[in-house]
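Just so we're aligned, residue 32 is where the sequence shown starts under the numbering used here, counting upward by one. A quick write-up on the structure given underneath.
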Amino acid sequence: MADMDTALKQAMQIDGAIGVALVDYTSGMALGTVGGGKELDLTVAAAGNTDVVRAKLRAMELLALKETIEDILITLDTQYHLIRPLTGRAGKGLFIYLALNKARANLAMARHQLRSIEEDLDV
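Here's what the structure looks like:
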């Protein structure tokens with residue numbers, strides 16, 4: 032089992048990673064971040080993507096969908112933004128947010144690696 036810091040560092044090893052955060056979507060606060068910088072303010076991204084997660088959960092509730100969100104993908108001109116809600120009991124209310132450089136990333140591989148990191152994460 033990996034702790035938060037180890038998991039965030041592993042996520043930054045994914046090809047094309049710009050920044051990663053572990054976010055509490057009940058408060059919008061980033062519990063931990065790695066990367067980002069001038070190119071990406073991870074604190075602002077954490078708060079903004081909290082709204083995305085809440086909106087999707089609300090829509091699923093209104094639609095009476097009994098599914099869980101595996102991940103949410105936002106595709107920009109030069110970046111991919113992956114949001115992966117944690118599925119374990121200890122991770123309830125948390126998500127991993129990963130921004131990738133689109134030209135350097137392999138989206139399928141990034142999703143696979145992020146899934147593995149999430150499965151091994153002990154919060």
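Backbone N, C-alpha and C define an ideal beta-carbon position, used for all residues, glycine too.
Beta-carbon separation (whole angstroms), residue i vs residue j, contact threshold 8 Å
i	j	result
Tyr128	Arg85	The Cβ separation is near 14 Å, so there is no contact.
Leu117	Tyr111	That belief does not hold up - the Cβ atoms of Leu117 and Tyr111 are roughly 19 Å apart, past 8 Å.
Gly189	Leu71	Here the chain comprises residues numbered 32 to 154, so residue 189 is not present and cannot be evaluated.
Ile49	Asn137	Rounded, the Cβ-Cβ distance is 15 Å, inconsistent with contact.
Ala95	Ala77	Going by Cβ atoms, the distance from Ala95 to Ala77 rounds to 29 Å, so no, they are not a contact pair.
Boundaries of the alpha helix (DSSP H) in which residue i is found, first to last residue
i	result
Gln110	Gln110 -> not in any alpha helix (DSSP H); beta strand (DSSP E) instead, spanning 110-116.
Leu145	138-151
Residue i versus residue j - alpha carbon distance
i	j	result
Val154	Asp82	22 Å
Gly119	Thr109	32 Å
Gly68	Asp151	27 Å
Leu39	Gly66	9 Å
Gln44	Leu73	17 Å
Gly47	Ala130	8 Å
Lys87	Leu107	19 Å
Extent of the continuous beta strand (DSSP E) to which residue i belongs
i	result
Leu53	48-55
Val65	60-66
Leu201	Residue 201 lies beyond the residue range present for the chain, which begins at 32 and ends at 154; the question has no answer from this structure.
Ile127	125-132
According to DSSP, residues forming a beta bridge with residue i
i	result
Thr106	Tyr111
Backbone secondary structure at residue i - three-state DSSP
i	result
Ala90	helix
Leu39	helix
Ala77	helix
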